[in-house]
Each structure stands twice: as C-alpha cells, then as structure tokens.
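Data first, discussion second: the structure below is written as structure tokens.
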Amino acid sequence: MKPDIYLYILVMFAVTYAIRVIPLTLLRKPITNRFVKSFLFYVPYVTLALMTFPAIVEATSSPIYGIIAFILGVVLSWITGNMFLVEICCCLAVLIMNMLF
Amino acid sequence: MEEKINSSTLGDAWTPAKGARDAIPVFLGYFAVAFSLGIAAGNVGFNAFQGFLLSVTSVSSSGEYAGILLYSEGARYIELALMILIANARYLLMSCAVSQKFAPGASLIQRLIIGFGLTDEMFGLAIMTPGYLRPSYMYAAIATSVSGWALGTILGVIVGNILPPVFVEAMNVAIFAMFLAIVIPPGKKNPHVLAAVIASFVIGLAASYAPLFSNMASGTRVMILTIIIASAAAIIAPVRETVGTVVTEVEEEYEEEEAAEAETLKNEEAEDET
Numbered sequence: 000m001k002p003d004i005y006l007y008i009l010v011m012f013a014v015t016y017a018i019r020v021i022p023l024t025l026l027r028k029p030i031t032n033r034f035v036k037s038f039l040f041y042v043p044y045v046t047l048a049l050m051t052f053p054a055i056v057e058a059t060s061s062p063i064y065g066i067i068a069f070i071l072g073v074v075l076s077w078i079t080g081n082m083f084l085v086e087i088c089c090c091l092a093v094l095i096m097n098m099l100f
Numbered sequence: 000m001e002e003k004i005n006s007s008t009l010g011d012a013w014t015p016a017k018g019a020r021d022a023i024p025v026f027l028g029y030f031a032v033a034f035s036l037g038i039a040a041g042n043v044g045f046n047a048f049q050g051f052l053l054s055v056t057s058v059s060s061s062g063e064y065a066g067i068l069l070y071s072e073g074a075r076y077i078e079l080a081l082m083i084l085i086a087n088a089r090y091l092l093m094s095c096a097v098s099q100k101f102a103p104g105a106s107l108i109q110r111l112i113i114g115f116g117l118t119d120e121m122f123g124l125a126i127m128t129p130g131y132l133r134p135s136y137m138y139a140a141i142a143t144s145v146s147g148w149a150l151g152t153i154l155g156v157i158v159g160n161i162l163p164p165v166f167v168e169a170m171n172v173a174i175f176a177m178f179l180a181i182v183i184p185p186g187k188k189n190p191h192v193l194a195a196v197i198a199s200f201v202i203g204l205a206a207s208y209a210p211l212f213s214n215m216a217s218g219t220r221v222m223i224l225t226i227i228i229a230s231a232a233a234i235i236a237p238v239r240e241t242v243g244t245v246v247t248e249v250e251e252e253y254e255e256e257e258a259a260e261a262e263t264l265k266n267e268e269a270e271d272e273t
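Protein chains in written order, with numbering that gives the first Met the number 0: chain A, 0 to 100; chain B, 0 to 273.
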C-alpha cells in the first residue's frame, strides 16, 4: 500500500539534483523568455505560501494556535526578516499557548 | 592561475574559513527547520537513517516537506517527481544565475558539487561573492550548511518520538515559520511578490473548501495552484532583465496593476468556488 521510502528518496534526489545541476553544467546562457523567467521568479513565493497556509492551522491541536502562529510569523518576518528568530518565536508561542490553555 | 587573478584583484578574503563562518547562521536556521522536518518524517514512518539519507541527498526544505506530505498520502512516483519539480523549480532560475558566476574554464566537478549544495541560502552567498565564485569558499559553506541540515533531521526523527506532544506540536510550526521568513521580506521590497503571496494564502484557503480542490491530496492541490497563480503573476507583472540578481523592478504603473491583479484574484476565487 505505502510507497517504498528508498525509492521515494531516490526520486526526490534525482529530480532535485537534475534541476540544480543541469542549468549549471549545460545551459550556460541566461534564460531569455520573459514569461518563463517571470514564472520561475514567482514560483518559490507562491509554492511556499501555499504550503504554509492553511496547513499551519491544521498543524496545531487548536486552529486558533495555528492562526496566531501564522500572524506572528508574518508580522515578525515583515519587521526583522531574521529566519531563526521567526522560527523560535512561532514555536514558543505555540508551546506557551498549549501550556496555558 | 585562477586563484592568482582573484587574490590580486579582490584580496584573498574568500577562504574556506570565511565560507564556514558565513554559513554559521545558516547552520543554526537549518538545524531548527530540519529538526521540525525530521519530526514530520518520523510521523509518517521514516527512521533516523532514512531521514538522514533524505536530507543529505535532497538538501531542500520545500522539496522534502512536499515529499513527506506525498508519502503520507501514498502518492505515486510520477506525482512525486512532478511535485518535486514544482516545489524546487526556483532552483532552475538560481542555477542559471550561478552558472554566470563561474570563472571561465571552471571544471565540471566544481559545477557538480556547487550545484548539489545550491539551496536558497547558498545561492545568496554565491551571488554576494564579488567577481567569480571561489570554489573552496563555497565548498566550506555547503559542508557547514548541509551538516546542520542532516544533523537536525536525524535528531528530529529520534527526539520526535520521545519528546512530549506539546513540544512536538510547537516544533511542527518551525518549518512554516521558515517559509514565512523566506516569502515575506522580499514582499516588503516588491509589491508584486507581496500580491502573489497574499493571493496564494487567500486562494489556498478558498481551495481547501472548494468542491473540486478540497477532494484533492494537498500536495496535488499545491502543485496545480502554484502553476495557476505563478502563471497569472508572470502575465500580470512580468520581471525585467534581472536574472542575475533575481529581483523585479517595480513598475511606475504599479497601482493600476495592483488593481488589475486584485480583480483577477477575485475572478480566480470565484472560479475556485464554482
């Protein structure tokens, strides 16, 4: 029923490495197609945003904690941009809420 | 020869020691996130060795997270390959940009190693290097960051099983916090990025309730929505000639565009709901 973990790891590695190394070794010219360039530019932000919300709300025992962690993460990222600080604060917030309520 | 050119024109500051030092904040950040990723991997059935193998081969937060998600949903290999392609598509762009930074005649081995460690943060270090890349500087930075990543994952898998549930739940949030710390700061500088991010939050939420989308595995949903939203953004606000720096310029008619974008978002939401 479950897929094979090692085959999964292999597929992930093969695709990830191919993406990272093929342009670096073969395609030594910059991408010129404006749409492709723009699409690739936006993809990371869009994918990461989609994977974050609403998933963060489902990751905590109470959706409220997730929503608060989400808002805190957005605000702190906006103010500081310090990744480590944002991570620690969001984790602590969820921990404290869980202990208090 | 190459070393001589570099040291005579730019000083010899870009040593392996500097590479390791510059990667220390990356090590810490990776450690925390990999820890949270390790907990997630442990939850779906990875053991510590498998977690280590996953992290040391993929070295990619979004790719690994997506892979773990798909594994828990029992997705097929072809779906996995497609999802990883989408989740990591940004590296295509980074790889193209970094290829411009190699000294003429840089060896294939150099390219293969630096390509292996090309994460968002290593890309940042590579792009900030003045002139050509110093391979030994990059190797040291990559080794430092990958060890934080692998170590965090192993400990996450192991400790995730022992740690009281409240701590596990708190650590679960770290990966999302990292994603926010990646997408929000560029949004501050580039309103188009901010609009794309907000659109993704709103559409992602709407799609989790929309009839057609809510039945999909969440990995598939993310993949399809990424293609739709990133294409829309690329059409509405295409980037200028800046592959090397990966920054869009804000156009003067930005306010008009934002209004147009808001309108298309409404339309897309309406489409999602129907």
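Where is the CB? At the ideal position from N, CA and C, for every residue including glycine.
Please read these numbers as outputs of a predicted model, since none were measured by experiment.
Cβ pair residue i, residue j closer than 8 Å
i, j, result
"T152 (chain B)", "A33 (chain B)", "yes"
"V172 (chain B)", "A48 (chain A)", "no"
"L75 (chain A)", "C88 (chain A)", "yes"
"A206 (chain B)", "L224 (chain B)", "yes"
"F69 (chain A)", "I55 (chain A)", "yes"
"A176 (chain B)", "E86 (chain A)", "yes"
"N87 (chain B)", "T24 (chain A)", "no"
"T128 (chain B)", "F26 (chain B)", "no"
"G79 (chain B)", "I18 (chain A)", "In the sequence as displayed, the identity of residue 79 (chain B) is Leu instead of Gly. Cβ atoms of L79 (chain B) and I18 (chain A): not closer than 8 Å."
"S61 (chain B)", "M50 (chain A)", "yes"
"A39 (chain B)", "L94 (chain A)", "no"
"L81 (chain B)", "E63 (chain B)", "no"
Contacts of residue i in chain A (Cβ-Cβ under 7 Å)
i, result
"M177 (chain B)", "M82 and E86"
"A233 (chain B)", "F34, S37, F38 and Y41"
"Y136 (chain B)", "Near Y136 (chain B) there are no residues of chain A at all, since even the closest Cβ is about 17 Å away, more than 7 Å."
"T225 (chain B)", "V42, V45, T46 and L49"
"A229 (chain B)", "F38, Y41, V42 and V45"
"I38 (chain B)", "Within 7 Å Cβ-Cβ: nothing; I38 (chain B) doesn't reach chain A, min ~11 Å."
Partners in chain A for residue i, counting only beta-carbon separations shorter than 9 Å
i, result
"L211 (chain B)", "Residues of chain A passing the Cβ test: none, with the nearest at roughly 16 Å."
"Y64 (chain B)", "M50"
"R110 (chain B)", "V20, L23 and T24"
"T287 (chain B)", "Nothing about residue 287 (chain B) can be read from this structure; chain B reaches only from 0 to 273."
Neighbour list for residue i in chain B, Cβ cutoff strictly below 9 Å
i, result
"L99 (chain A)", "Going along chain B, no residue has its Cβ under 9 Å from L99 (chain A), so there is no contact; the nearest lies around 11 Å."
"P2 (chain A)", "L69, Y70, G73, A74, R75, Y76 and L79"
Under 7 Å from the C-beta of residue i: neighbouring residues of chain B
i, result
"P22 (chain A)", "L91, S94, C95 and S98"
"I63 (chain A)", "Result: empty, since nearest Cβ-Cβ is about 13 Å, beyond 7 Å."
Chain A residues whose Cβ lies nearer than 8 Å to that of residue i
i, result
"I85 (chain B)", "V42 and T46"
"V221 (chain B)", "T46, L49 and M50"
"F27 (chain B)", "The question names Phe, but residue 27 (chain B) in the sequence shown is Leu. Correct list: F83."
"G114 (chain B)", "Y16, R19, V20, L23 and T24"
Residue i: contacting residues in chain B (beta-carbon distance under 8 Å)
i, result
"I66 (chain A)", "Those do not exist, as I66 (chain A) stays about 11 Å from chain B at its closest Cβ, beyond 8 Å."
8 Å Cβ cutoff, residue i in contact with chain C
i, result
"M170 (chain B)", "Judged by its chain identifiers, the structure shown contains no chain C, and its protein chains are A and B."
Residues of the segment 41 to 58 of chain A whose Cβ lies closer than 8 Å to any Cβ of chain B, in chain order = Y41, V42, P43, Y44, V45, T46, L47, A48, L49, M50, T51, F52, P53, A54, I55 and A58
Contact residues within the segment 188 to 211 of chain B, judged by C-beta distance below 7 Å to chain A = V192, A195, V196, S199, F200, G203, L204 and S207
Going along the chain, which unbroken runs of the beta strand (DSSP E) with 3 or more residues stay wholly within the segment 11 to 56 of chain B?
-> none
Which residue spans inside the segment 99 to 142 of chain B form an unbroken alpha helix (DSSP H) run of at least 4?
-> 107 to 115 and 119 to 127
Listed in chain order, which residues of the segment 46 to 62 of chain B have Cβ atoms closer than 7 Å to some Cβ of chain A?
-> Q49, L52, L53, T56, S57, S59, S61 and G62
Could I get the ranges of all uninterrupted beta strand (DSSP E) runs contained in the segment 153 to 235 of chain B, with 3 residues as the minimum, in chain order?
-> none
Check each residue of the segment 4 to 15 of chain A: if its Cβ is closer than 7 Å to any Cβ of chain B, include it; give the result in chain order.
-> I4, L6, Y7, I8, V10, M11, F12, V14 and T15
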